[in-house]
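Here's the structure, in structure tokens; my notes come after.
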Amino acid sequence: MVDHLLTIYLASDDETYFTFALKVDKYYIYQIIYYMVEYMKRQFDAVLLGSIELFCLAAELKSFTAAANAAGVTPAAVSRSITRLEERLGVRLFVRTTRHIRLTESGELYFHHCKDALTQLMEAETAVAGQQINPAGTIRISLPTTYGHYRVLPILADFRTHYPNIQFELHITNRNIDFLEEGFDLAVRGRTPPDSNFISRKIEDAKLVVVATPQYLSQKGQPQKLEDLADHDCIQFELPSTGRPIPWLFYKDSIEHEILTNGSYRCSEDILGGVTLAKSSAGLFQTYHYVVEKELENGTLVEVLKEFSGRARPFNLMYPHGKFLSIKVRTLIDFIMNRLGV
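Position in the sequence shown counted from 1, then plus 21, gives you the numbering used here.
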């Protein structure tokens with residue numbers, strides 16, 4: 022057996038060229054070339070789809086000329102397309118006479134399957150186009166626990182009254198997520214990574230307040246300045262991503278202050294644990310105003326250090342950067358921004 026060097030050049034769609042060489046017997050070279058040619062001949066492309074559409078028209082109208090008029094092409098173009106299909110399949114699709122055409126048995130079989138396939142394609146296009154007018158489908162969203170419960174979930178419920186064909190898959194967690202790997206369409210986070218793959222839009226600056234019960238303040242006294250916090254039991258909240266307590270944020274005379282507090286309680290994951298402890302007179306707690314708004318109104322909790330308030334933490338809406346953002350996601354983004362956007 023004599024080995025021959027077979028060098029193969031492959032070109033990709035972006036015109037990148039690859040080369041590789043094989044040492045094979047001459048007989049196998051012919052086999053390789055034959056199967057490569059047959060494979061390339063059967064690649065599905067836009068020309069093939071157009072030929073199939075013309076074939077179906079001719080079969081339905083029983084005339085190449087009528088098919089040509091319906092498609093806006095020449096009868097010769099229809100004839101060439103049919104011939105191309107017949108060569109590809111290796112069978113006759115039509116019996117042609119000077120006046121008439123009729124499908125062969127193979128042509129009837131091919132027409133049956135092609136017609137069904139084209140109908141499904143048209144139905145798919147209609148369904149997708151309909152989504153552009155009437156948003157439908159499932160949206161996967163990741164939300165932080167407290168902000169999700171208090172601010173976003175009520176908006177999603179209202180959104181569905183306007184767009185009833187939308188369903189939500191909600192992941193409510195404070196952990197860091199792998200946005201693309203986990204397949205989310207949207208996420209709300211307080212901190213957003215500097216990643217060019219994402220668009221981040223601020224939806225709200227959530228105001229912070231320090232609260233306690235009247236009972237606690239009657240026992241421990243009300244702090245008047247930031248230094249007084251050292252004499253109080255301050256309920257801490259631990260940031261899940263760092264494992265360290267979040268500093269309390271204040272603002273006074275155009276100066277921002279960050280205070281690391283001390284206390285007998287440290288909560289993580291769920292900020293409502295700190296709120297419950299504060300309502301139980303366990304100490305002072307800094308939280309978002311929207312979380313304790315009702316308690317402040319009915320007097321269950323009292324805001325302290327008001328003259329140092331004014332600081333806030335941002336919450337951002339994140340979604341992948343891409344040209345083809347689905348209409349359902351785009352509609353929801355606009356809805357949330359209109360309700361909460363700064």
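Where a beta carbon is used, it is the ideal one built from N, C-alpha and C, also for glycine.
Rounded straight-line distance, which links the Cα of residue j to that of residue i
i: residue 81; j: residue 92; result: 13 Å
i: residue 111; j: residue 119; result: 23 Å
i: residue 198; j: residue 314; result: 30 Å
i: residue 293; j: residue 287; result: 12 Å
i: residue 309; j: residue 232; result: 10 Å
i: residue 137; j: residue 354; result: 38 Å
i: residue 271; j: residue 346; result: 39 Å
i: residue 77; j: residue 135; result: 7 Å
i: residue 360; j: residue 69; result: 49 Å
i: residue 352; j: residue 156; result: 8 Å
i: residue 43; j: residue 221; result: Any reading at residue 43 is ruled out, since the residue's pLDDT is 48, under 50, leaving its predicted position unreliable.
i: residue 45; j: residue 109; result: The predicted model places residue 45 with a pLDDT of 47, which falls under 50 and marks its position as unreliable; any figure quoted below should be read in that light. Computed Cα separation, rounded: 29 Å.
i: residue 210; j: residue 99; result: 57 Å
i: residue 240; j: residue 182; result: 49 Å
i: residue 324; j: residue 269; result: 14 Å
i: residue 96; j: residue 348; result: 41 Å
i: residue 238; j: residue 166; result: 29 Å
i: residue 273; j: residue 146; result: 59 Å
i: residue 117; j: residue 140; result: 26 Å
i: residue 248; j: residue 186; result: 55 Å
i: residue 142; j: residue 168; result: 43 Å
Residues bridged to residue i [DSSP beta-bridge criterion]
i: residue 340; result: 220
i: residue 187; result: 158
i: residue 227; result: 334
i: residue 306; result: 232
i: residue 210; result: 337
i: residue 163; result: 192, 208
i: residue 324; result: 232
Contact belief for residue i with residue j at Cβ below 8 Å, rounded distance in angstroms
i: residue 123; j: residue 115; result: 7 Å
i: residue 295; j: residue 267; result: At roughly 10 Å, the Cβ-Cβ gap does not stay under 8 Å, so residue 295 and residue 267 are not in contact.
i: residue 84; j: residue 105; result: Not confirmed; about 19 Å, so no contact.
i: residue 234; j: residue 300; result: 6 Å
i: residue 219; j: residue 341; result: 6 Å
i: residue 338; j: residue 224; result: 5 Å
i: residue 236; j: residue 289; result: Incorrect: roughly 26 Å between the Cβ atoms, too far for contact.
Residue i at chain B interface by Cβ criterion, 7 Å
i: residue 146; result: The chain inventory of the structure shown lacks chain B, comprising one protein chain alone.
*Length at least 4, wholly inside the stretch 64–152: the alpha helix (DSSP H) runs in chain order*: 67–82, 85–92, 96–110
*Evaluate contact between the stretch 128–138 and the stretch 168–187, counting only Cβ atoms and requiring at least three cross-stretch pairs below 8 Å.*
no
*Flag this pair as touching only if the stretch 217–228 and the stretch 268–278 have three or more C-beta atom pairs under 8 Å; answer yes or no.*
In short, these stretches do not touch, since the Cβ pair count stays below three.
*asked:* What ranges does the alpha helix (DSSP H) occupy inside the stretch 234–300, keeping only unbroken runs of at least 4 residues that lie completely in it?
replied: 235–241, 293–300
*asked:* Does the contact criterion of 3 or more C-beta pairs under 8 Å hold for the stretch 201–211 versus the stretch 157–167?
replied: yes
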